[in-house]
Structures are given as C-alpha cells and as structure tokens.
Amino acid sequence: MAFWNKKKGGNDEEDIKNQSLDSEMSDEMKAITEALEEEQSEKLAKAKAREEENEKIRREMQEKEEQIRAAASEYVKESKDKKDSGGQHFFMLVEGPSDFLPKSESNHLVEGNVYGEVKKGDKVFLFSTDNQVFTTTVEDIRTGPNLFAESAEDKHCILELKGEGIEEISKYSILTSAAPETVDSNTLPVSNPRILGLSLDFNRFSGDPEFFTVLVNAIIRGNYLTHARIDKDGPKTRIGILSIKDNNDPDKRLVPVFTDHFNMARANVQNPKGNMQILAVKFPEVARFATADQHEGFVINPFGPVAVKIPKGLIKEILENPSYKEAIASMGAKAKVETEKVSDKTQIFIGVPPENGEYNSIRNAVVKYCQTNEDIKRAGIVMKLEKGKKDASYLCIIDCPKGVEKECYTGIFASVKPFLNIHKKIEFMRYDETVFADDYFAKQKLIFER
C-alpha cells in the first residue's frame, strides 16, 4: 500500500506541474492568438481601406471619363453643320482593333468612343498614324456582342469599315466626318480634324507615350490660326502675337493657337482699334513665337473643347529631334509639277477615273481650289497610262492663261496630296496644250466649269 500511496502522491505533484505548464502555455497561446487576430484585423482593415480607395479612384476616373465624353459630345453638337467647323458630325479615336470578325475579309473592325453621331453607310475619313488620309464607308455598327445598330451616338462601339488601299488601321488613328485640309494657303480656311480628334481624348491617354508620340507627330504637321496685332509706325510695321496667361502659373504667358475658325471664334477677341488680324501659321512659326520673349510655350484651343498645352521645354526637345527635322524637310519639299508635253512618239492610254473614295476626295479638292482661283475657267481629270509603264496616274487638265499655270498646279497639288494613296502621282497640263481634251470632254463631263 505504501508503494502505491507513494506512487499516487508522485502523480499528484506531476499533475500539478503539468497543469501549471498547461496554464502557462494557454496564456502564451492566448497572447499569440490575440496578436494574430489583431494582425489579421489590421490586414483586413488595410485591405478594406485599399478597396475603398481603389473604388474611389475608379469612380473618379469614371466620372472624369463621363465628363470628357459629355464635353466632347456637346462640342460636336455645337459645331455640327456650322460653316466654319468643317462639317464635324462625329469623331472617334481608334483604341484598337476588335476581336470580332468582319463580314468581309477586306474590311476592318475598330472600336472606340464615338463623339457625335455616326450612321451605317456614312462616308468618313480615316487619318492614320503614318500621316495618310483614306476615305472609308461605315459598313456596320456594333454596340455590343451580337448587337447591331443603324447608328451610334455618344457611346463606345465597334465600326466595320470598308476602304481601298488600307492595309491596317493602327491604334490612335482618327475617324471623322470632318474633311481634311485641302488647300495649303495662308488665305484660305484652316482645319485640323486629326489634331482636334486626338485632343478630345487627350485627358484619357496623355499619359501613354505611344499616344503622345502620335499627337506630337500630328501637331508638327498642323496649320493653325492665331491673333496678331498689326501696328504701323511710319514706314515700319510691327507685328505682335497675342498671348494669354497660363492657368497653372499666371506669371507665365502662352501663345494661343486654334485648329480652325470655329474654335477661334470661341476666344471672342475684341478689336476696338481695328488693328487685329488673323494669321495662318505652321508649326515652325508657332514654335518660334512660343519660345521667344516672355512666352513659355503655346496652347491649342485654349477655350475648348480640350486645351492642349505644349511647354517651351517640350518644344525645344521636338526641334532638336532628328525625326522632326526629317519630317519638316519632307513637308517642305517642293511638289514636282509635270508640265512637259507628251511626246508624239509616246503612246498613252486615257481612261475615266474610277468612282471610289480616293477619286471623289481628289475631285472635290480640285473643285474647291478652282472655285478660289479666278484664273481657272474649267478643269477635268482623266486617268493616264503610258505604254511600258505599270502604274497609272491622274492627269489634271485645266484651262487657265499661259504664265499662271505653275502657280495653279502647285496649289492643286497641295490640295490633293493627302488623298494620293492608291495612285501616288498626279500630272498637270493646260487645256489648250492637250490634243485630246476637246474630244474627250465632249463625251465626259468636266469636273469644274466657271
């Protein structure tokens, strides 16, 4: 008995010891558990805060995008059918190709936000990122998967386009009903549909280097309008370019330039002394004004629809970039105007131009130019192919006095240059030097006759 009693007594002491250890471990585990729970609670709180912050950012971005869309749509409605707006019925920045399949393999599907209204069957202009202009037809409109529509207004959608000579439609190309600038002249209206279309989505994509490169590429090729004060001091004439305050830094001055007359009218510049004039200027002149004297850059369409500010530092970077110098050199190259008579020994074939988007745009451009030049009495266009040559060219025949033809040819060339995509060449001849003119135009209608 003594043995078992002793053994039992030993167990009691060990149990007490184990209980004490268990109690200590329980307290320690409790502390660890509480710490883990607290840590988990902090993590959940932080995750919730992050989620709330992300939701706030998403809401702000959505609200901002809705504001951008509303402002752009309101602008297009305001400018629609206005004579000085260039017929701006809709704009669309191509955000990328669609994953859907087009009805025809030769067609192209693109998607983006439509500002204004586009309809099925509309003839629209495509301003590609490589500075070409194509005429296309809207074959179909999709507002969602298997959702087809006859028209789309102020919404994100997919357009199916048909057009000749288009191999690919790059991201950040511009689709619009606004016709491209057709005449390169300081005395005629200026329009910049491509720059205007890019500017409408400037606040959405300006942080994307690819978008900004496309925008700068368009800006350096643009023609702009600006206000100048002309003061005569005896035999001298002083020209002062107007400037405005930078909204972000009132101590800085910017040169305001405008893409077209409609947006310039928004400036509401007063001219009490009658010495204010409108100047048509190209980018090199704008860059010179915007970096001289107290100017710290320039701003495109400062009174909307979207102001795009180009600071002095960026202008200097552009001017020093080798690609800019190459672009300016190519734009400044003189048009090669063909004025030589066709040799009697050269066999040529004359045909009627095809009725397609390219020819329609070229014909319209020639007619518009002829309407502004009183020296031109009539004009016509034929297709010309010389024997032994592979590619046909346009031949523009105009009736004008001898001695002014080169000026007319150069003006017309500048008008049609953006549209020369399928057929890359256009030649010119005076009507009285074209042996087949009377016979041909007795059967085919002239495109212009005063």
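Take 9 as the starting number for the sequence shown in this note's numbering and just add one per residue.
By construction, the Cβ of each residue, glycine as well, lies at the ideal position given by its N, Cα and C atoms.
- In this structure, DSSP gives E363 a state outside helix and strand, which the three-state scheme calls coil.
- Counted as a single uninterrupted DSSP element, the beta strand (DSSP E) harbouring I182 occupies residues 182 to 184.
- As a beta-bridge residue in DSSP terms, E119 pairs with G104, I166.
- Per DSSP, reduced to three states, the secondary structure at R438 is strand.
- For V224, the enclosing alpha helix (DSSP H) begins and ends at 217 to 227.
- DSSP places K131 in the uninterrupted beta strand (DSSP E) bounded by 131 to 135.
- Your pair R371 and I406 does not check out as a contact, with CB atoms roughly 13 Å apart and the cut at 8 Å.
- Judged by DSSP in its simplified three-state form, H235 adopts strand.
- Per DSSP, T418 is not a residue of any beta strand (DSSP E); the alpha helix (DSSP H) it occupies stretches across 413 to 424.
- In this structure, S185 keeps its C-beta atom at 8 Å or more from the C-beta atom of F270.
- Counting C-beta atoms within 10 angstroms of its own C-beta, I318 has 16 or more neighbours from the protein chains shown and is therefore classed as buried.
- In the same chain as E435, and ignoring 5 residues on each side of it, the C-beta atoms closer than 8 Å to its own belong to E346, K392, S401, Y402, L403, C404, in chain order.
- For K392, there is no enclosing alpha helix (DSSP H); the residue is found in the beta strand (DSSP E) stretching over 386 to 394.
- Here N121 is buried: its Cβ has 16 or more other Cβ atoms, across all protein chains shown, within 10 Å.
- Contact check for G173 and T145: beta-carbon distance about 13 Å, past the 8 Å limit, so the pair fails to qualify.
- When only Cα atoms are considered, S423 and I430 end up about 16 Å apart.
- For F156, there is no enclosing alpha helix (DSSP H); the residue is part of the beta strand (DSSP E) that begins and ends at 155 to 157.
- The bridge partners DSSP lists for M284 are R237.
- For H269, the secondary structure class from DSSP, reduced to helix, strand or coil, is helix.
- According to the DSSP secondary-structure assignment, Y402 is paired through a beta bridge with M391, I434.
- Contact holds between the stretch 299 to 314 and the stretch 255 to 266, because three or more Cβ pairs, one in each stretch, are under 8 Å apart.
- CA-to-CA, the gap between C378 and V84 works out to about 30 Å.
- Non-local C-beta neighbours of F357 in its own chain, meaning closer than 6 Å and more than five positions away in sequence, comprise L393, ordered along the chain.
- L262 has I252 as its beta-bridge partners, per DSSP.
- Around the beta carbon of S369, a 10 Å sphere encloses 16 or more other beta carbons of the protein chains shown; the residue is thus reported as buried.
- Of the other Cβ atoms in all chains shown, fewer than 16 fall within 10 Å of the Cβ of F444; this residue is therefore exposed.
- Residues T190, S423, V424, F427 of the same chain have their beta carbon placed closer than 7 Å to that of A373, with the five preceding and five following residues left out of the count.
- DSSP, reduced to helix, strand and coil, places T41 within a helical segment of the structure shown.
- In the structure shown, K410 adopts coil according to DSSP, grouped into three states.
- The beta carbon of C408 sits closer than 6 Å to those of D383, I384, C416, all from its chain and outside the five residues before and after it, given in chain order.
- Under DSSP, H303 shares a beta bridge with R261.
- Residues of the same chain with a CB within less than 7 Å of the CB of L327, apart from the 5 flanking positions on each side, are A295 in chain order.
- By the criterion of at least three beta-carbon pairs nearer than 8 Å, the stretch 197 to 214 is in contact with the stretch 60 to 80.
- For I182 against L117, the beta-carbon gap comes to about 16 Å, at or over 8 Å, which does not count as contact.
- Here R150 carries a strand assignment [DSSP, helix/strand/coil].
- From the listed residues N256, K253, I238, the smallest Cα separation to M284 is found for I238.
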